[in-house]
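Residue numbers (our numbering), protein chains in the order written: chain A, 1 to 266; chain B, 1001 to 1157.
Positions of the beta carbon are idealized from the N, C-alpha and C atoms, including for glycine.
Okay, so here's the structure we're looking at.
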């Protein structure tokens, strides 16, 4: 990889100051996406600002029907947390499917969401659960956060601090992983929230999206049969060497039905 | 350049390293611990797996500077006083290796898996080793080796 300057910071304030002073600096948490990207010379940051382990980004807790998870929390911590398993077991299940065990030991929730890979798992959960993304500057609703492939609402220098998930009545996640990479070819997260059922799809399109026809159908009755009459529009889905768009469109429907069936168990 | 201090297999080392040096290269080139291997460019194969602060990580996907202050175990720490670790012994007995290139990383991943789950099912073993690729064995004997390791480690407790 190209050379850069590494700084281990002691606070978010210090991280913010470094980001402001160095426009080509990047934050480093788990590094499970950034380091491979830099090894391939596809990224060339001037500085790496290591925020891993910062207390300000740590912690999992439930209060007043809301699950709060610090952005620095590693995937294995989310997967193993008794708080998460009790409040939103589908989220713990999802975290346990990310990458592989070694990746889960280092990768973070904040890093995954800020990166917004179109095939990442967490965006589906954040969007379906209607979570709030708390940053160093403001609070951003999930519906406003994801803005397409690797694009989010984050401003330069803005750091993700914490996620607050309203605890749903029920939720489930079903993912069809690519056999080699493990990334979602289609991943569907369904949540029965206080404001109705939300269905978020990752892996199939240029970014995570809500399948609104499914939400409308399920609002009338939560059964896999409700989805039978629906088709996913293939035009906007990804077509690449892994699958044509029609294959992904079908896969979304299959995963949605599996998630629905799993709702009964969570 | 950054000065770091790492404890590797119980021994403290202080080194000045370029910020971009990978942990795997610190271990192999600087400390001479060549049991940890580099097998791919894409963080997929797991040949480089070591334990950092008690957890299995891919050392090719970590900077040496990130490991400053950490406690690291490599494959060289598994055998003690010339005696194979039970996991290594099980891999030998079950023919869980052929060329041996993936084996150090595989064993470190198994050690991590069995620490969390001392009695894994076949499915849990396969899921727990998703970060480690083997081009020789087809994995069947690896799963057998893990089951035998688990049995022996449980018996030791």
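Please state whether DSSP places residue i in a helix, a strand or coil.
i                       : result
residue 73 of chain A   : coil
residue 150 of chain A  : coil
residue 6 of chain A    : strand
residue 255 of chain A  : helix
residue 175 of chain A  : strand
residue 206 of chain A  : coil
residue 1127 of chain B : helix
residue 180 of chain A  : coil
residue 1157 of chain B : coil
residue 266 of chain A  : Confidence at residue 266 of chain A is low in this model, with a pLDDT of 48, below 50, so its placement is unreliable and no value can be given for it.
residue 1036 of chain B : coil
residue 1071 of chain B : strand
residue 166 of chain A  : strand
residue 1024 of chain B : helix
residue 88 of chain A   : coil
residue 139 of chain A  : strand
residue 160 of chain A  : strand
residue 232 of chain A  : coil
residue 57 of chain A   : helix
residue 134 of chain A  : strand
residue 108 of chain A  : strand
residue 1133 of chain B : coil
residue 1063 of chain B : strand
Rounded to a whole number of angstroms, what is the C-alpha to C-alpha distance between residue i and residue j?
i                       : j                       : result
residue 1014 of chain B : residue 1 of chain A    : 23 Å
residue 159 of chain A  : residue 129 of chain A  : 21 Å
residue 125 of chain A  : residue 173 of chain A  : 8 Å
residue 266 of chain A  : residue 54 of chain A   : Note that residue 266 of chain A scores a pLDDT of 48, beneath 50, so its modelled location is shaky; the value from the coordinates is reported in the next line. Rounded to whole angstroms, residue 266 of chain A to residue 54 of chain A spans 32 Å at the Cα level.
residue 251 of chain A  : residue 113 of chain A  : 23 Å
residue 1143 of chain B : residue 1113 of chain B : 12 Å
residue 200 of chain A  : residue 1042 of chain B : 29 Å
residue 58 of chain A   : residue 1093 of chain B : 44 Å
residue 167 of chain A  : residue 87 of chain A   : 6 Å
residue 90 of chain A   : residue 25 of chain A   : 35 Å
residue 134 of chain A  : residue 1067 of chain B : 28 Å
residue 110 of chain A  : residue 1081 of chain B : 43 Å
residue 1120 of chain B : residue 93 of chain A   : 17 Å
residue 195 of chain A  : residue 223 of chain A  : 18 Å
residue 147 of chain A  : residue 202 of chain A  : 13 Å
residue 40 of chain A   : residue 64 of chain A   : 45 Å
residue 73 of chain A   : residue 1034 of chain B : 32 Å
residue 6 of chain A    : residue 50 of chain A   : 7 Å
residue 234 of chain A  : residue 1017 of chain B : 50 Å
Compare the C-alpha of residue i against each of the options and name the closest.
i                       : options                           : result
residue 1136 of chain B : B:1107, B:1099 and B:1149         : B:1099
residue 1032 of chain B : B:1097, B:1009, B:1087 and B:1020 : B:1009
residue 99 of chain A   : A:76, A:116 and A:88              : A:76
residue 1050 of chain B : B:1104, B:1121 and B:1118         : B:1104
residue 229 of chain A  : A:243, A:242 and A:257            : A:257
residue 123 of chain A  : A:51, A:60, A:70 and A:188        : A:188
residue 1160 of chain B : B:1147, B:1116, B:1132 and B:1142 : Because chain B here runs from 1001 to 1157, residue 1160 of chain B falls outside it and cannot be looked at.
residue 1071 of chain B : B:1004, B:1147, B:1144 and B:1141 : B:1004
residue 1225 of chain B : B:1001, B:1065, B:1087 and B:1134 : The requested residue 1225 of chain B is not part of the displayed model; chain B covers only 1001 to 1157.
residue 191 of chain A  : A:74, A:183 and A:261             : A:261
residue 198 of chain A  : A:182, A:225 and A:170            : A:170
residue 1061 of chain B : B:1077, B:1047 and B:1007         : B:1047
residue 1127 of chain B : A:179, A:242 and A:243            : A:179
residue 1045 of chain B : A:97, A:103 and A:264             : A:103
residue 1111 of chain B : B:1030, B:1079 and B:1022         : B:1079
residue 145 of chain A  : A:209, A:119 and A:157            : A:209
residue 19 of chain A   : A:154, A:47, A:249 and A:74       : A:47
residue 1052 of chain B : B:1156, B:1025, B:1007 and B:1151 : B:1007
residue 1058 of chain B : B:1124, B:1023, B:1145 and B:1029 : B:1023
residue 140 of chain A  : A:150, A:161 and A:149            : A:161
residue 1149 of chain B : B:1085, B:1101, B:1130 and B:1097 : B:1085
residue 131 of chain A  : A:165, A:156 and A:232            : A:165
Based on the DSSP secondary-structure assignment, which residues constitute the bridge partners of residue i?
i                       : result
residue 1013 of chain B : B:1006
residue 50 of chain A   : A:8 and A:28
residue 1080 of chain B : B:1083
residue 1152 of chain B : Partner(s): none; residue 1152 of chain B has no beta bridge.
residue 189 of chain A  : A:173 and A:200
residue 1056 of chain B : B:1051
residue 67 of chain A   : A:62 and A:165
At the 9 Å Cβ level, is residue i part of the contact set with chain E, yes or no?
i                       : result
residue 1060 of chain B : The structure shown contains no chain E; the protein chains it does contain are A and B.
Under 9 Å, CB to CB, which of the residues in the segment 1126 to 1137 of chain B have a partner in chain A?
Taking 9 Å as the upper bound on Cβ-Cβ separation, chain A lies near residues 1127, 1128, 1129, 1130, 1131 and 1132 of the segment 1126 to 1137 of chain B.
Under 7 Å, CB to CB, which of the residues in the segment 1028 to 1061 of chain B have a partner in chain A?
Those would be 1041, 1042, 1043, 1046, 1049, 1055, 1056, 1057, 1058 and 1061, in chain order.
Please list, in chain order, the residues of the segment 47 to 73 of chain A that have any C-beta partner in chain B closer than 8 Å.
Residues of the segment 47 to 73 of chain A whose Cβ lies closer than 8 Å to any Cβ of chain B, in chain order: 48, 50 and 52.
Of the residues that make up the segment 151 to 164 of chain A, which ones have a beta carbon closer than 9 Å to any beta carbon in chain B?
None of the residues of the segment 151 to 164 of chain A has a beta carbon lying less than 9 Å from any beta carbon of chain B.
Short-range partners of chain B found in the segment 101 to 117 of chain A, where Cβ spacing is below 7 Å:
Residues passing the 7 Å Cβ filter: 101, 102, 103, 105 and 106.
Using a Cβ-Cβ cutoff of 9 Å, what residues of the segment 1009 to 1028 of chain B are near chain A? List them in chain order.
Within the segment 1009 to 1028 of chain B, the residues whose Cβ lies closer than 9 Å to some Cβ of chain A are 1018, 1019, 1020 and 1022, listed in chain order.
For the segment 1096 to 1118 of chain B, list every residue whose C-beta sits within 8 Å of some C-beta in chain A, in sequence order.
Taking 8 Å as the Cβ-Cβ cut-off against chain A, the residues of the segment 1096 to 1118 of chain B that qualify are 1109, 1112 and 1113.
Mind checking the segment 79 to 102 of chain A against chain B and listing, in chain order, the residues whose C-beta falls within less than 7 Å of any C-beta there?
Answer set for the segment 79 to 102 of chain A: 100, 101 and 102.
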